[in-house]
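Worksheet: the structure to be examined is printed underneath.
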Amino acid sequence: MRVGIGYDIHQMVEGRKLILGGLEIPHDKGSKGHSDGDALLHAITDALLGAAGLGDIGEYFPDNDPEWKDADSGVLLKEAFKHVKRRGWEVENIDCNIIAQAPKLKPYKSQMESRIASLLEIETRRVNVKAKTNEELDAVGRKEAIATQAVVLLKPAQ
Ligand code: MG
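For this note's numbering, add 591 to where a residue sits in the sequence shown, where the first one is 1.
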């Protein structure tokens with residue numbers, strides 16, 4: 592078994608879509624970023640790569656590479672997962688946190704879990720998404736940013 596950790600934070604700005612966990616979520620602001628700015632999928636990608644000892648997301652998808660401009664982070668995740676699979680691993684489970692003062696994410700958690708599970712070719716029960724606020728503290732609490740954390744456990748592929 593191998594464990595990996597991931598973290599991400601994106602600034603919330605006007606004129607961008609809010610994409611989290613592969614879903615577009617109605618909100619008055621969206622994530623600033625080179626790709627589609629999906630902070631949850633980025634944290635999961637880093638956790639996957641970390642668990643397999645394969646570095647980090649920036650090494651595979653540099654934020655100055657035009658190929659990844661506005662890229663679907665689901666594609667990035669699947670691409671990183673290919674490297675992980677090639678090393679003989681599959682995902683046992685994933686747990687994540689989304690720290691956002693707004694919008695309320697409870698209605699979207701189970702859809703995110705399904706989306707993440709399908710990207711990583713596992714059952715939905717192996718993915719857990721938690722959402723919390725930052726108790727109005729710091730940039731996240733002022734709704735200027737959304738932060739994410741993920742932990743991935745890998746096991747040898749059957
Ligand atoms: Mg990111």
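Quick reminder that beta carbons are idealized off the backbone N, C-alpha and C, glycines included.
A straight-line Cα-Cα distance of about 9 Å links V743 and C687. Here G641 is buried: its Cβ has 16 or more other Cβ atoms, across all protein chains shown, within 10 Å. Those residues placing their Cβ nearer than 6 Å to any heavy atom of the ligand MG are, following chain order, D599, H601, G624, A630, H633. For L745, the enclosing beta strand (DSSP E) stretches over residues 736-747. Note on geometry: alpha-carbon atoms of G613 and K721 lie some 15 Å from one another. A634 and M703 have their C-alpha atoms spaced approximately 14 Å apart. With at least 16 other beta carbons inside 10 angstroms of its own, S626 counts as buried. Under the 10 Å beta carbon count, M603 is surrounded by 16 or more other beta carbons and is classified as buried.
In the displayed model, D686 falls within a strand according to three-state DSSP.
Secondary-structure assignment with DSSP links D599 through a beta bridge to T739. A straight line joining the alpha-carbon of A738 with that of P657 spans about 25 Å.
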